[in-house]
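Note that this note's numbering has the sequence shown beginning at 5, numbered continuously upward.
Since the structure comes first, as C-alpha cells, the remarks are kept for the end.
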Amino acid sequence: MLNVSGISTSLDLVIHYIETHHIDILLLTETFLLKGDLFTQWAQHHQYATISGDASKGNGGLTFLIRPHFPHYVHRSTDPTTTQHNKLSIVIGNSLTVHGFHLPPALSFADYQTVLGSVDFNSSSSVICLGDFNTRLGSFTGDTRNTNPRSNYLLNWLTVHQANLWNRISTFGQPTFESNRGTSIIDFVISRPNIFSANPLLSIESDINLNSDHHLVQFSFKLHQQPQLLPTSTLAGNRRLWNLQRLEEKDQHPNLFVLSGDTATKHRKEATINQRINATNGFYFEVVESPKDFINRVGIEMIQAIHSALDNSVTPRTPRPKTWKFFWDAELQHLADIRQQCYTDWKQHKHHRRSLIGSTHLWSLYQQACNNLKKAIKAAKRRHWKKFCNDMSDSSSNQVYSVLKRLRKKHTTNHCFSHSEGPEVAANVMADYQRHIFGGRSIGLFNMESQQITTPPAHH
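This is the structure:
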C-alpha cells in the first residue's frame, strides 16, 4: 500500500516499481481521482474522491490495483447499510476479504468509529485491513510522536476483534511516514493471527522514494485457506488475437473458406455441413443428443471453424501489452535516478545523525531534484500532447472520431455485474434474472389484469 497524495506525476514510478518487484495487489490512498481509470494495464477498483464547493480537485480516494493475469477472481464488495468514502473492500477467491482505509485527520471521531465498526472479521475465512489510519499509537508501535485521541478506540477495537497489528510485531519502531518535519507510524496492516499458515512478512520500503512522504508498505503471506483459482479459460492470457488488418489483402480471402485437415477430414466436414443444411424437417437432432447439447456442439464447431479460418488466412498474433512508458525516455530516467540518489544521501545522513546543516542542505538538493523531475515530466507530456494534436489535424475524420471514441471510453466508468463466488456464479445469477424478466411468466398475469379492466360509461 502507498499514500500517493495525488498521482498526476507519481504513478509512472509507482507502476514501474510494482511491476519490477512482482507485487500482486497495491492499495493506493489519497488518489484524488474523481472518475475514470488510471493509465495502466492493471485491473482497477476505485472508491472515488469527493469534491466540495468550487474545489478544483477531489479529496481522498482509494484504488486497488490488481496485476495482469492475477490467477484469482476479485470481487468489489459494498456495504449496503452505509455510504462510506473512506473504505474500499474487495473479496479474492471467495475466501479473502481485504479492506482498504483512508481515515484523514479531518474525519470526525464519530465517523472514524462508524468506518471501523463496519468491519466484520467473520465475513469470510480470512480478513485483512490495511491503509492510512492517521492514528498514532505511541509506544505501542514504537512511534516517537505522541498518541492522538483515536488511539484508545483503535487499541480497544483490536482487542475486541482479537486482531494483530503487524506493524508492532514485524516492523516495531519503523516509520511509515517521513518528511523533513518528522516521522510517524500511521499506515497499518491488521488481521487475525490464525488465518496464516506461516508467519507473514511486513516490510517498510524506506530506501525507495516514490514521490510521497509515505513509504511503500509490503505485506507477504500464505493463507491456511488459499483463494480458489480462476478457470484457465477465463484468464486474459488465453484471449486469441489475429492480424485482422490482413483482411484488406484480397489474396487472403480464399483461405477464409478452406476447410483445414487432410482430404478425408475435409470430406467428412463437408458431408456433415451439407447434411445439416439440407435437412428438410428443420434442425436435425441425433437420438443420443438433446437439443441443448446439439446447439452447444454446433456453437463450438462454428467457433473452431472460424478460428481455423483466421489461423490459415490472416494468422494469429500475440497481444501487445500496454506500457506505462508512453512518454518516458532516457532523460527522464536519468532525472529519476538523480532524485533517488539525493533521497538516499539525505536518508543516510539523517540515519547517522550528522550535522543539521548538512541534513538541511541534502534535503534542499532532494527537493530541487524532485522539482526538476516534475518539470521534465510536464514538458514531456506537453510535447506528446502537441504531437497528438498535430497528428489529429492531419488525420481523416473517421480516424479522429475513432480516437475520440477511445478517449471517451477511457474516462467512462464501466459497471460490471460480479459475484463474490466467482464469474460462473455471476453469469448464472444474471441468466436467472434475465430468464425471470423475459421468460414470459408475467404475460398471463398481465392478460388477467387487463381483462378485469372495465370501460367506464360514457358521459352525455
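Beta carbons: idealized from backbone N, C-alpha and C, even for Gly.
*Ile29, enclosing alpha helix (DSSP H) - first and last residue*: Residue numbering aside, residue 29 sits at position 25 when the sequence shown is read from its first letter. From DSSP, Ile29 is part of no alpha helix (DSSP H) but of the beta strand (DSSP E) over Ile29 to Thr33.
*Give me whichever residues DSSP pairs with Leu205 in a beta bridge.*
Indexing the sequence shown from 1 puts residue 205 at position 201. Beta bridge pairing from DSSP links Leu205 with Ser224.
*Inter-residue CB distance, Asn30 and Leu92 (contact presumed, cutoff 8 Å)*: The residue labelled residue 30 in the question sits at position 26 within the sequence shown. The residue labelled residue 92 in the question sits at position 88 within the sequence shown. Reading off the sequence shown, one finds Leu at residue 30, where the question assumed Asn. Under the criterion of beta carbons closer than 8 Å, Leu30 and Leu92 do not qualify as touching, at roughly 12 Å.
*Cα-Cα, which of Val318, His353, Gln372 and Pro320 is closest to Ile342?*
Along the sequence shown, one-based indexing puts residue 342 at 338. Shortest Cα-Cα distance from Ile342 to any of Val318, His353, Gln372 and Pro320 involves Gln372.
_Assuming Arg80 and His49 are in contact, meaning their beta carbons sit under 8 Å apart, how far apart are those beta carbons, in whole angstroms?_
Residue numbering aside, residue 80 sits at position 76 when the sequence shown is read from its first letter. Residue numbering aside, residue 49 sits at position 45 when the sequence shown is read from its first letter. Confirmed, Cβ separation roughly 5 Å.
_Contact defined as beta carbons within less than 8 Å: I believe Ala47 pairs with Val78. What is the distance between those atoms, to the nearest angstrom?_
Counting from 1 along the sequence shown, the entry for residue 47 is found at position 43. Counting from 1 along the sequence shown, the entry for residue 78 is found at position 74. The pair is a contact, with the Cβ atoms about 7 Å apart (cut-off 8 Å).
_So Leu220 and Leu6 are supposed to be a Cβ contact under 8 Å. How far apart are they, rounded?_
Working through the sequence shown from its first residue, we reach residue 220 at position 216. Working through the sequence shown from its first residue, we reach residue 6 at position 2. That belief holds up - the Cβ atoms of Leu220 and Leu6 are roughly 5 Å apart, short of 8 Å.
*Between Asn247 and Pro320, what straight-line distance do the alpha-carbon atoms span, to the nearest angstrom?*
Counting from 1 along the sequence shown, the entry for residue 247 is found at position 243. Counting from 1 along the sequence shown, the entry for residue 320 is found at position 316. In a straight line, the C-alpha of Asn247 is about 6 Å away from that of Pro320.
*Limits of the unbroken beta strand (DSSP E) element including Phe113*: Translated into the one-based positions of the sequence shown, residue 113 becomes position 109. No beta strand (DSSP E) holds Phe113; the alpha helix (DSSP H) holding it covers Phe113 to Gly121.
*asked:* Tell me the rounded alpha-carbon separation between Tyr21 and Phe125.
replied: Mapped onto the sequence shown, residue 21 falls at position 17. Mapped onto the sequence shown, residue 125 falls at position 121. When only Cα atoms are considered, Tyr21 and Phe125 end up about 31 Å apart.
*Whole-angstrom Cβ separation of Asn156 and Leu107, contact assumed at under 8 Å?*
As a position in the sequence shown, residue 156 is number 152, starting the count at 1. As a position in the sequence shown, residue 107 is number 103, starting the count at 1. About 15 Å; that fails the 8 Å criterion.
*May I ask you to report which of helix, strand or coil DSSP gives Arg80?*
By 1-based counting over the sequence shown, the position of residue 80 is 76. Of the three classes helix, strand and coil, the one that applies to Arg80 here is strand, per DSSP.
*Are the stretch 203-211 and the stretch 140-159 in contact at 8 Å, needing three or more beta carbon pairs?*
With the cut-off at 8 Å, the stretch 203-211 and the stretch 140-159 do not touch.
*From Phe105 to Val123, what distance separates their C-alpha atoms?*
Walking along the sequence shown from the start, residue 105 turns up at place 101. Walking along the sequence shown from the start, residue 123 turns up at place 119. Those two C-alpha atoms are separated by around 11 Å.
*asked:* Is Ser188 near the ligand GTP - that is, is its Cβ less than 7 Å away from at least one heavy atom of it?
replied: In terms of ligand content, the structure shown is empty, and the ligand GTP therefore cannot be addressed.
_Just to confirm the assignment, what range does the beta strand (DSSP E) spanning Leu100 have?_
Position 96 of the sequence shown, counted from the start, is the residue given in the question as residue 100. Leu100 to His106 is the extent of the beta strand (DSSP E) around Leu100.
*asked:* So for His311, helix, strand or coil by DSSP?
replied: Position 307 of the sequence shown holds residue 311. In the structure shown, His311 sits in a helix (DSSP, three-state: H, G or I).
_Which residue wins for smallest C-alpha separation from Pro427, given the options Pro153, Gln222 and Leu234?_
Position 423 of the sequence shown, counted from the first residue, corresponds to residue 427. Cα-wise, what sits closest to Pro427 is Leu234.
*Assuming Leu479 contacts Ser174 (C-beta within less than 8 Å), just tell me the rounded distance between them.*
Outside the shown range of the chain, which is 5 to 464, sits residue 479, and nothing can be said about it.
*Relative to the C-alpha of Glu335, which residue among Ile304, Val407 and Ala380 is closest?*
For the purposes of this step, residue 335 is taken as the residue at position 331 of the sequence shown. The option with the nearest alpha carbon to Glu335 is Ala380.
*Do the CB positions of Gly57 and Glu34 come within less than 8 Å of each other?*
Translated into positions along the sequence shown, residue 57 becomes position 53. Translated into positions along the sequence shown, residue 34 becomes position 30. No, the pair does not count as a contact, with Cβ atoms beyond the cut-off.
_Identified DSSP bridge partners for Asn198_ = Position 194 of the sequence shown holds residue 198. Per the DSSP secondary-structure output, Asn198 pairs with nothing in a beta bridge.
*Determine the DSSP secondary structure at Ser406, reduced to helix, strand or coil.*
On the sequence shown, position 402 is the one that residue 406 refers to. In this structure, Ser406 counts as helix in the three-state DSSP scheme.
*If you draw a straight line from the C-alpha of His103 to the C-alpha of Gly40, how long is it?*
Here residue 103 is taken as the residue at index 99 of the sequence shown, counted from 1. Here residue 40 is taken as the residue at index 36 of the sequence shown, counted from 1. Answer to the nearest angstrom: the Cα atoms are 21 Å apart.
*Check whether the Cβ atoms of Arg386 and His311 sit closer than 8 Å, and answer yes or no.*
On the sequence shown, position 382 is the one that residue 386 refers to. On the sequence shown, position 307 is the one that residue 311 refers to. Judged by beta-carbon spacing, His311 lies beyond the 8 Å limit of Arg386, meaning their Cβ atoms are not closer than that value.
*Near Leu120, which residues of its chain fall below 6 Å by C-beta distance, leaving aside the five closest residues on each side in sequence?*
Counting from one through the sequence shown, the residue named residue 120 turns up at place 116. The residues are Trp161.
*Taking only the alpha-carbon atoms, compute the straight-line gap between Ser201 and Ser129 and give it to the nearest angstrom.*
The residue you call residue 201 lines up with position 197 of the sequence shown. The residue you call residue 129 lines up with position 125 of the sequence shown. Distance between the alpha carbons of Ser201 and Ser129: 13 Å.
*Which first and last residues belong to the alpha helix (DSSP H) in which Asp436 is found?*
Translated into the one-based positions of the sequence shown, residue 436 becomes position 432. That run of the alpha helix (DSSP H) goes Pro427 to Phe442.
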